[in-house]
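Chains as they are written, first to last, in our numbering: chain A, 58 to 374; chain B, 12 to 271.
All residues carry an ideal CB built from backbone N, CA and C; glycine is no exception.
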Amino acid sequence: MSTVLILTDFSGDKASKTTAELATAAARIGSVTAVVLAGNGKGAALAATVNQGPIAHIIVIESDDFAQHGVAASADALANLVKEKSPAAVLIASHAFGKEVAARVAVLTESGIITDAVDVAADCTATQSVFGGSTTVHSKVSHGVPIITVRPNSVEADFTASTPAIDNASAAISADAKKSTVSSSQPPVKGGRPELTEANIVVSGGRGTDGNFSAIEAFADSLGAAVGASRAATDAGWYPHSHQVGQTGKSVSPQLYVACGISGAIQHRAGMQTSKTIVVVNKDPEAPLFDIADFGVVGDLFNVLPQATKDVLARQN
Amino acid sequence: MKIAVCVKQVPDSWAEKKMVNGVLDRESVDAVLNDLDEYAVEEALRIAEAHGGNEEGAPNTVTVISMGPDRATEAVRKALSMGANDAILVSDSELAGSDALATSSVLAKVIADGGYDIVICGTESTDARMSVVPAMISARLGWAQLTFASKVTVDPAGKVSITRVTEAGVDEISAAFPVVISVVEKINEPRYPSFKGIMAAKKKVIDQKDLASVGVAVQSAWSQVNDATPRPARAAGIKVTDEGSGGDSLVNFLAEKKLI
């Protein structure tokens, strides 16, 4: 059976849910080998957390160059492994780091690349949702090893426990990949809330919040949801840019997206219209986002949300 | 310093886009300078201005590099009207439908021949949204990659430091010239071209080249679209007006859908 490589995605010191999603998609194509890139001496502990999803093997590559030289060093190590193993495909998480690693691996291995797949079939055909979700595309790499980045939260993960065999490989990193040096790294500031692109539920606020996100956050917390914001809200400084959903922000496709006080410019829709269920709360009955809402409430979010928050909490008790 | 800015002409992000025969139909929509590239042009100009400017006789030049059809000259002119010195536009019928790998190989060749110290790109184009070309150019040239920058500091003696901001956190990264930078939109506020700038841009040189004169051969795209189907329009669902129980009906809907 052919081998498929996935680049293990970590959230802190643990394999993320995205890793299980990558493994689930990869297992349709072949036997899954998860590549763990770790600092010196850290590989075994990280590999021990890679235990969910259909993963047959783990290859640990240890080097302090990954932390010191970032994307280019990681890509070099992965590209060398791709050349050595000639896998049927390589699947990588579709975030900034993953896409850049994929880009370099594609160049280094002379392979075609597809980014932002929302699904991958057994024959490596990737499904993408393009032009702000308005068009569904099926495409296939026709040269080299298909390098495919998969959008977090798109593939339903098989969380079956696995006990993969662990091997080690050495890191061969070129001088070119060491030309930039990372002097400090801060993890993202974490609230108690899930990561926006990985959350099952996202509650977003826009201009209608008038700068007050308390009702949005309270409702999000009652649902265990991530908080998003429209560009209008982030540009006004009401909420951090890292929470912006839309064409120039993040693309999310959660099970449930609740848009509050967001009129729904096409740029915002581009970042959320592949959500499974969309709920809209807006004072303006003409807000364009109502046109794509599964459920809409015409009303003031400062009345609707506190009531809904109370209801959700009551149901939980 | 010799600074290059890579820009792309894209369909207006407000326009409705569709696929024809597996590629984006670019003919039927308005084309504009990719929004996110304006930040790259602005940053290049600011770097030049902070270190002696880019007027005639000044120590810096800002060159716009683009690849696209003949009409991409409009997007290139926009960048020139903001204040860039000159431009190189690679147009060739063989490039129609090319992928990011081909694009990056053409841009890398032009950059390598130009002997630049700094190359600046936007993080992504608003049409393809791949965010891969800057990393590919860096890999092809063997130059340092300084991408997703929210802040760029240049020491004209030959060093660049950036603050990289992604969902993985905030990194401080530095490298010696030559470097490939991509900038995120929060880095600056792009200037509007002044009337003087627009008039001056009409006289600036756009060096239009085909693949033969660039001296690079491109392969056909290494990925193919099998089919593209417009997503069925999302039908509007239930809409209620809040008369005191809007929150209750919202939560009832979520419960019915088993979302809570």
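May I ask you to list, following chain order, the residues of the region 102-118 of chain B that have a beta carbon less than 8 angstroms from some beta carbon of chain A? ASP110, ALA111, LEU112, SER115
Does the CB of HIS300(A) have a neighbour CB from chain B at under 8 angstroms? no
Name the DSSP bridge partner or partners of ARG175(B)? ALA160(B), ASP182(B)
Please report whether the beta-carbon of MET93(B) lies at a distance below 8 angstroms from any beta-carbon of chain A. Among the residues facing chain A, MET93(B) is not included, as its CB has no counterpart in that chain under 8 angstroms away.
Are the C-beta of VAL175(A) and some C-beta of chain B separated by less than 8 angstroms? no
Excluding sequence positions up to five away, which residues of its chain have a Cβ less than 8 angstroms from the Cβ of ILE129(B)? Excluding residues up to 5 positions away in sequence, MET12, LYS13, ILE14, ALA15, ALA55, ILE58, VAL165, VAL171, PHE188, PRO189, VAL190, ILE192 lie with their Cβ nearer than 8 angstroms to the Cβ of ILE129(B) in the same chain.
To which residues of the same chain is SER287(A) closer than 6 angstroms at the C-beta, ignoring the five residues directly before and after it? So the list reads GLY263, ILE319, HIS325, once near-sequence residues are dropped.
Give the list of continuous beta strand (DSSP E) stretches no shorter than 3 residues that lie fully inside the region 41-97 of chain B. 42-44, 72-78
Contact list for GLY257(B) against chain A, beta-carbon separation under 9 angstroms: VAL338, VAL354, VAL355, GLY356, ASP357, ASN360, VAL361, GLN364, ALA365
Boundaries of the beta strand (DSSP E) in which ALA222(A) is found, first to last residue: Start and end: 222-226.
Please tell me whether ASN237(B) has its Cβ less than 8 angstroms away from any Cβ of chain A. yes
Mind pulling the chain B residues with CB within less than 8 angstroms of HIS325(A)? Within chain B, no residue has its CB atom less than 8 angstroms from the CB of HIS325(A), the nearest being about 12 angstroms off.
By the three-class DSSP mapping on this structure, what secondary structure does THR192(A) have? Secondary structure at THR192(A): strand, using DSSP grouped into helix, strand and coil.
Cβ contact (3+ pairs, closer than 8 angstroms) linking the region 110-129 of chain A and the region 210-225 of chain A: yes
Could you check what DSSP says for GLU200(B) in three-state terms: helix, strand or coil? The answer is coil: DSSP assigns GLU200(B) none of H, G, I, E or B.
Just mark SER231(B) as buried or exposed, buried being the case when its beta carbon has 16 or more other beta carbons within 10 Å. exposed
So what's GLY306(A) in DSSP terms, helix, strand or just coil? Residue state for GLY306(A) is assigned as coil, using DSSP reduced to three classes.
Counting Cβ pairs, one atom from each stretch, are 3 or more of them under 8 angstroms apart for the region 174-185 of chain B and the region 236-246 of chain A? yes
Reduced DSSP category for ASN32(B) - H, G, I as helix; E, B as strand; rest coil: coil
What three-state label does DSSP hand VAL162(A) in the structure shown? Here VAL162(A) sits in helix by DSSP.
Taking one C-beta from the region 114-123 of chain B and one from the region 132-147 of chain B each time, how about it: are there three or more such pairs within less than 8 angstroms? yes
Using C-beta distances below 6 angstroms, list every residue in its chain close to THR106(A), excluding the 5 sequence neighbours before and after it, in chain order. LYS71, ALA72
Identify the continuous alpha helix (DSSP H) that holds ASP215(A) and give its terminal residues. Careful: ASP215(A) lies outside any alpha helix (DSSP H) and carries neither H nor E.
Within 8 angstroms of any Cβ in chain A, is that where the Cβ of PHE188(B) sits? no
Length of the line joining the Cα atoms of ALA95(A) and ALA111(B): If you take the alpha carbons of ALA95(A) and ALA111(B), they lie about 29 angstroms apart.
Check the Cβ-Cβ distances between ARG407(A) and every residue of chain B, and say whether any is below 8 angstroms. In the structure as shown, chain A starts at 58 and stops at 374, and residue 407(A) therefore has no counterpart that could be examined.
Is there at least one Cβ from chain A nearer than 8 angstroms to LYS120(B)'s Cβ? no
Pairs of beta-carbons, one from the region 172-181 of chain A and one from the region 131-140 of chain A, closer than 8 angstroms: are there three or more? Touching, no.
Taking DSSP as the reference, what is the three-state secondary structure of SER205(B)? coil
Taking the alpha-carbon positions, what's the GLU267(B) to VAL284(A) distance? 23 angstroms
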